[in-house]
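Residue numbering for the sequence shown follows our numbering, starting at 2 and increasing by one per position.
Data first, discussion second: the structure below is written as structure tokens.
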Amino acid sequence: MLITSRCDPYLDITDILCAFHTWLVQHDIRRARRSPSCGGSYTASTDPVVSGPPVTAATVQATPSNQFTPNTVTIAVGGTVTVDFGSVAHNVFFDNAPAGAPADITAPSSNKSTTLTFNQAGTFVYDCHIHPGMHGTVVVK
Ligand SMILES: [Cu+2]
């Protein structure tokens with residue numbers, strides 16, 4: 002008696018990897034690499050970007066209305082956040098000095114910009130000590 006299987010006996014690991022690679026490309030997983038075994042039609046520059054990697058630089062406005070805008074920014078490890086101080090003086094403190102946080106901007110600052118570098122992944126909450134309740138968040142990943 003002939004026993005048949007629903008599984009394709011000729012489906013080998015290359016076919017599985019090829020199908021997975023196609024899925025990665027369709028979902029624009031940016032780490033997907035062209036695989037010679039798949040024939041390769043994928044180029045990062047022409048495919049639409051659904052969600053890219055975190056930016057390496059962001060700017061936060063410290064506004065005269067006592068807000069950090071945008072309130073939360075997300076950057077890559079090693080990226081920078083430039084705090085753009087407006088006409089009203091503010092400062093920036095990473096309270097409790099979490100590991101990897103840049104130095105505080107202790108001096109009341111207005112009409113200037115200061116760039117902070119984040120070399121460790123994490124979520125860094127900062128406050129202005131002049132204005133209670135004025136705080137923002139930098140997510141580094
Ligand atoms: Cu302030």
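For every residue, glycine included, the Cβ atom is placed at its ideal position computed from N, Cα and C.
Any idea what DSSP makes of I76, helix, strand or coil?
strand
Report whether the distance from the Cβ of I106 to the nearest heavy atom of ligand 1 is below 7 Å.
no
What's the C-alpha gap between N120 and V82?
12 Å
Quick one: what does DSSP say G101 is sitting in, helix, strand or coil?
Looking at G101 - three-state DSSP - the assignment turns out to be coil, as it is neither helix nor strand.
CB of H136 to nearest heavy atom of ligand 1: below 7 Å?
H136 Cβ: outside cutoff for every heavy atom of ligand 1.
Starting from the Cα of G80, find the closest Cα among A58, F95, F94 and give me that residue.
A58
Residues of its chain near A102, where Cβ-Cβ distance is below 6 Å and the 5 sequence neighbours each way are ignored:
F95, F125
CB V74 to CB V61, shorter than 8 Å?
Yes, the Cβ-Cβ distance between V74 and V61 is below 8 Å.
Please state if the CB of T118 and the CB of T106 are separated by a distance shorter than 8 Å.
Sequence check: residue 106 is Ile here, not Thr. Cβ distance not < 8 Å, so I106 and T118 don't count as in contact.
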